[in-house]
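To start, the structure under review is shown below, and the notes come after it.
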Amino acid sequence: MKKTVCLFLAVMLLLVSFVACKGDENKPSDKTESNTSGVSDVSAPDQSADTGSEEVSEDYVYGKDIPVKDLGGRVIRVLSINWAANSTSMTYNGDIIQRDTYDELTADVLDRTKCEVRQNIETRYNCVIEGVFDSNNFASVIYNQVQAPSENSYDIVLNSFGGAAQATLTGVYVDMNDIPTIDLSNPWWDQNAVHDLSIGNRVYFTAGDINTFDNDGTFIMFFNKKVLEDNCPGVNLYDLVKNNEWTLDKMYELAKMVTHESDGVNGLDEFDTWGFGTEVYNALLHVIASGVHLAEKDADDIPVLSYDTARFYDVLTDVYAIYNDEGTVMVANAGKFDSKYSNVWEATIIKAFREERELFYMGGMFNIVGFRDVEHIGYLPVPKYTADQDRYYHFVSTGNASCLALPAVSDNYDDLGLVIEALAAESKNLVTPVYYDKCLKGKDADTEDDEDMLDIIFESRCFTS
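Here the sequence shown is numbered in my numbering, starting from 1 and rising by one per residue.
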């Protein structure tokens with residue numbers, strides 16, 4: 001296990017190609033606004049005949065100034081990674097497009113709203129937006145179509161951040177800053193993503209209200225309230241956060257109070273009760289949560305490695321020690337369980353949390369839907385390293401979160417840019433309030449304290465290490 005953790009951290013450091021998170025002045029309030037308060041008096045767009053615009057309601061707040069154009073039935077094709085394939089803990093029904101199995105009568109409110117957005121834009125621009133979900137040879141498909149574009153080429157790609165970064169190195173995506181009809185400073189684009197993911201003032205992939213699976217790919221701390229009460233009576237984790245006492249050491253202290261044999265078999269295994277369930281990848285996230293920047297941007301917006309500091313090595317040493325404490329922490333994929341299961345995460349740390357045998361589980365927010373049957377669930381930020389930090393940091397997964405990119409298959413992206421801007425703005429009008437207020441807060445958050453924790457998490461997201 002020690003070799004696994006060390007090797008992973010070393011590889012991650014070698015692969016750092018983007019910059020660290022920016023400070024609070026760039027918090028993604030534009031992405032996570034849950035309502036349109038303060039802008040409800042904005043008038044509807046002009047209905048002049050030469051715009052071709054349909055009648056728009058007073059609720060049409062964002063995107064009212066985006067030009068409308070008749071695209072003559074143009075088909076816009078979307079290629080999306082098939083996240084959640086063969087998974088019982090993750091749900092992904094599409095960003096922009098819907099699955100073939102989509103049924104309005106059985107779909108949940110979020111998927112219905114996404115479908116409504118697509119249909120609204122199809123009507124407004126006289127176009128068809130369709131696509132497929134695929135994970136096989138994803139990079140090759142994009143690369144091959146860029147080498148030989150055709151009328152069936154994909155116009156929009158919903159890739160993972162890590163996949164998009166690798167693909168960008170092969171020149172398959174266009175710089176969205178070069179498309180005059182796309183304005184990445186608009187409020188429907190996540191400004192943290194735009195800042196963090198730009199290199200040399202070029203943005204080849206990003207995120208915004210047009211997609212929600214980047215939110216779902218944000219890694220947080222889940223905890224079980226019953227396990228906490230049974231093993232750590234009198235501890236209020238929400239107060240620890242509010243009083244700036246929620247640190248890595250405090251989490252570890254509580255985890256040590258919980259782990260014990262509970263399955264009647266001698267020796268700790270995946271069927272016992274654990275204080276902390278995690279995976280090797282998450283070790284890096286604790287380093288990021290400490291505020292250590294593995295890279296900084298220079299004056300030309302180019303990342304420069306900057307992690308060689310005493311604090312970095314202190315954090316790394318402490319995280320390493322915690323993740324190698326096999327008497328407290330269950331690390332799913334560190335070698336002990338890998339050979340026993342085809343999906344080691346779901347068979348160990350996720351299973352333990354579902355069965356209320358785990359105090360803390362660190363994972364992506366895409367697990368929330370799968371945890372809806374867990375009665376005593378709560379949400380927390382990833383702990384700070386020390387209490388003197390001025391903020392939290394929450395990393396968006398490089399593999400299990402969506403970003404938008406445009407393949408280099410055309411000489412003119414003006415019309416596509418209009419549709420993308422309209423989709424993003426309409427998603428901010430309709431999808432974001434449903435996602436944040438009705439789903440996360442209205443359906444999934446158990447208490448107002450959990451809602452407060454979600455606010456903290458979304459205000460402190462970062463897209464690079």
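Glycine residues also receive a C-beta, built at the ideal position from the N, C-alpha and C atoms.
Neighbour-count burial assignment, residue i, 16 or more Cβ in a 10 Å radius
i, result
"Val78", "buried"
"Val265", "exposed"
"Phe463", "buried"
"Glu421", "buried"
"Pro180", "exposed"
"Ile302", "exposed"
"Glu151", "exposed"
"Asn211", "buried"
"Thr273", "buried"
"Val434", "buried"
"Gly234", "exposed"
"Val331", "buried"
"Thr447", "exposed"
"Gly131", "buried"
"Lys340", "exposed"
"Leu316", "buried"
"Asn159", "buried"
Beta-carbon proximity of residue i to residue j, cut-off 9 angstroms
i, j, result
"Lys114", "Asp134", "no"
"Ala321", "Tyr307", "no"
"Gly364", "Ile156", "no"
"Ala289", "Val396", "no"
"Glu358", "Leu268", "no"
"Phe222", "Tyr379", "yes"
"Asp214", "Ala401", "yes"
"Ile142", "Val172", "yes"
"Gly291", "Gln166", "no"
"Val419", "Tyr125", "yes"
"Leu110", "Lys438", "yes"
"Met362", "Glu279", "yes"
"Arg354", "Val374", "yes"
"Asn192", "Arg391", "no"
Expected contact under 8 angstroms - CB spacing of residue i and residue j to nearest Å
i, j, result
"Asp216", "Phe366", "4 angstroms"
"Val174", "Ala425", "Not confirmed; about 21 angstroms, so no contact."
"Phe276", "Thr328", "7 angstroms"
"Ala387", "Thr247", "6 angstroms"
"Asn512", "Glu346", "As displayed, the chain neither begins before 1 nor continues past 465, which places residue 512 out of reach and without an answer."
"Val258", "Met453", "Not confirmed; about 20 angstroms, so no contact."
"Lys69", "Asp411", "Not quite, the Cβ-Cβ distance comes to about 18 angstroms (not below 8 angstroms), so this is no contact."
"Ile457", "Thr218", "6 angstroms"
"Val194", "Leu423", "In fact, because the Cβ distance is near 17 angstroms, the residues do not count as touching under 8 angstroms."
"Ser153", "Gln145", "5 angstroms"
Best match in the options for proximity to residue i [C-alpha to C-alpha]
i, options, result
"Asn82", "Ile97, Arg391, Tyr413", "Ile97"
"Glu261", "Ile377, Ile182, Ala352", "Ala352"
"Gly162", "Lys69, Ala405, Val319", "Ala405"
"Phe312", "Lys336, His286, Val304", "His286"
"Leu169", "Met176, Tyr204, Asn159", "Tyr204"
"Ala283", "Gly72, Ala148, Asn186, Val319", "Val319"
"Pro187", "Glu279, Arg118, Gly63", "Gly63"
"Ser342", "Val315, Asn324, Ser87", "Ser87"
"Tyr393", "His293, Met251, Lys69", "His293"
"Asp449", "Lys297, Asp338, Asp239", "Asp239"
"Asp300", "Arg202, Ile182, Asn324, Tyr92", "Arg202"
"Cys232", "Thr218, Lys250, Asp314, Phe371", "Lys250"
Helix, strand or coil at residue i according to DSSP, with G and I counted as helix
i, result
"Cys439", "helix"
"Ser410", "coil"
"Glu426", "helix"
"Lys336", "coil"
"Lys242", "helix"
"Val235", "coil"
"Val344", "helix"
"Leu268", "coil"
"His195", "helix"
"Pro433", "helix"
"Tyr307", "coil"
"Tyr379", "strand"
"Ala85", "coil"
"Tyr92", "coil"
"Asn211", "coil"
"Pro45", "The predicted model places Pro45 with a pLDDT of 30, which falls under 50 and marks its position as unreliable; any figure quoted below should be read in that light. In this structure, Pro45 counts as coil in the three-state DSSP scheme."
"Glu356", "coil"
"Lys351", "helix"
"Leu13", "Annotation note: pLDDT 42 at Leu13 (below 50); position unreliable, coordinate value reported separately. Correct three-state label for Leu13: helix."
"Val61", "coil"
"Glu279", "coil"
"Ser140", "helix"
"Ala299", "coil"
"Ile179", "coil"
Chain B within 9 angstroms of residue i, Cβ atoms only
i, result
"Leu237", "No chain B is part of this structure, which consists of one protein chain only."
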